[in-house]
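Residue numbers (the working numbering): 289 to 597.
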């Protein structure tokens with residue numbers, strides 16, 4: 289198996305490190321446009337192999353897409369990171385050109401690959417990748433909801449005093465501070481609804497803190513987070529390469545599901561060897577349905593910006 293991670297910044301390098309440590313593939317290519325960065329980080333990671341006990345070959349490349357040939361999965365993290373005070377919408381103009389170019393170059397050498405998009409604004413970049421490549425919809429996956437759901441579990445665990453691993457909790461909708469929808473009504477602690485343990489004020493705080501999770505970290509560290517986004521990307525790679533059929537929230541193309549068409553938005557999907565293999569339809573409350581409609585409208589407004597570029 290072969291995996292390529294495009295973008296050797298903090299998110300891309302962390303994603304690659306997680307993939308190597310888990311020995312998910314035989315060869316891992318780390319590619320970046322900046323001279324020497326990918327090569328240096330690849331060599332640094334390879335020097336941990338004897339200590340961590342993995343045999344994955346990690347190759348760094350400065351913009352040489354021939355080295356990515358035959359990749360089973362490609363993770364795209366390229367683009368300008370969000371700065372303090374910057375909205376995801378403001379990233380569109382810069383990152384659209386980057387993501388489109390990366391996807392086209394990747395497909396020259398790996399026409400059968402599955403693409404995972406992490407670049408922001410993630411919903412719009414996933415939609416762009418789908419439309420610009422013409423790939424079957426199941427082979428384009430946006431990572432956002434996977435990360436948001438993990439952040440939701442973190443917030444829940446802090447209030448419940450439990451292990452995040454014992455929680456099942458989903459965030460659907462767009463990957464944005466105002467567009468994501470943490471489904472607290474569906475969240476469970478080992479099958480017990482978390483609403484049995486949390487009062488209304490606690491539930492409201494958990495939802496709000498989840499929604500601003502990315503912005504909170506950006507304000508604290510001065511740039512976008514990288515440990516959790518990188519781990520989320522690697523988790524999707526693992527479910528694909530090991531055909532685990534795990535359920536994640538991912539940004540995927542909707543064709544009537546959840547009442548939406550011609551949009552990529554976060555919904556629960558099964559991830560396996562074919563990419564996303566099935567959309568899981570869950571019953572939303574009236575408030576959740578309204579929030580989903582509002583989220584879709586906001587994402588569409590960002591997608592509309594693509595036509596002006």
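Idealized CB from N, CA, C, for every residue including glycine.
Asked                                                                                                                             : Found
Buried or exposed (CB count within 10 angstroms, at least 16 for buried), residue 340                                             : exposed
Paired residues, beta bridge with residue 476 - DSSP                                                                              : 456 and 481
Identity of the residue in 304, 296 and 587 nearest residue 466 by Cα                                                             : 587
Alpha-carbon spacing of residue 422 relative to residue 499, whole angstroms                                                      : 32 Å
Every unbroken beta strand (DSSP E) inside the segment 477-558 [3 residues or more]                                               : 534-543
Residue 429 beta carbon less than 9 Å from that of residue 403                                                                    : yes
Per-residue burial, residue 435 [other beta carbons within 10 Å of its own, 16 or more giving buried]                             : buried
Selected residue, minimal CA-CA separation from residue 415, among 444, 519, 384 and 295                                          : 384
For residue 350: DSSP bridge partner residues                                                                                     : 320
DSSP-derived helix/strand/coil call for residue 563                                                                               : strand
3 or more residues per run - each beta strand (DSSP E) lying fully within the segment 391-454                                     : 402-405 and 428-430
Beta-carbon contacts of residue 425 that lie in its chain and below 6 Å, excluding the five residues immediately before and after : 541
Of the residues 373, 443, 491 and 463, the one placed nearest residue 510, counting alpha carbons only                            : 373
Length of the line joining the Cα atoms of residue 580 and residue 460                                                            : 8 Å
Best match in 455, 492 and 391 for proximity to residue 442 [C-alpha to C-alpha]                                                  : 455
Whole-angstrom C-beta distance between residue 560 and residue 533, which should lie under 8 Å                                    : 5 Å
Minimum Cβ-Cβ distance from residue 537 to chain B less than 9 Å                                                                  : Checking the listed chains, one finds no chain B in this structure; it contains a single protein chain.
DSSP three-state assignment for residue 292, whether helix, strand or coil                                                        : strand
Inter-residue Cα distance where the pair is residue 311 and residue 302                                                           : 14 Å
With 16 other Cβ atoms within 10 Å as the buried cut-off, status of residue 573                                                   : exposed
Top-ranked residue by Cα proximity to residue 397, from 468, 569 and 292                                                          : 292
Span of the alpha helix (DSSP H), counted from its first residue to its last, around residue 364                                  : Per DSSP, residue 364 belongs to no alpha helix (DSSP H); it is in the beta strand (DSSP E), 361-364.
Reference residue 593, options 378, 349 and 324, closest by Cα                                                                    : 378
Opposing strand residues paired with residue 469 [DSSP bridges]                                                                   : 460
Endpoints, alpha helix (DSSP H) assigned at residue 311                                                                           : Premise fails: residue 311 is in no alpha helix (DSSP H) and is neither H nor E.
Close Cβ partners of residue 393 (< 7 Å) along its chain, the five nearest in sequence each way excluded                          : 353
Selected residue, minimal CA-CA separation from residue 468, among 486, 535 and 439                                               : 439
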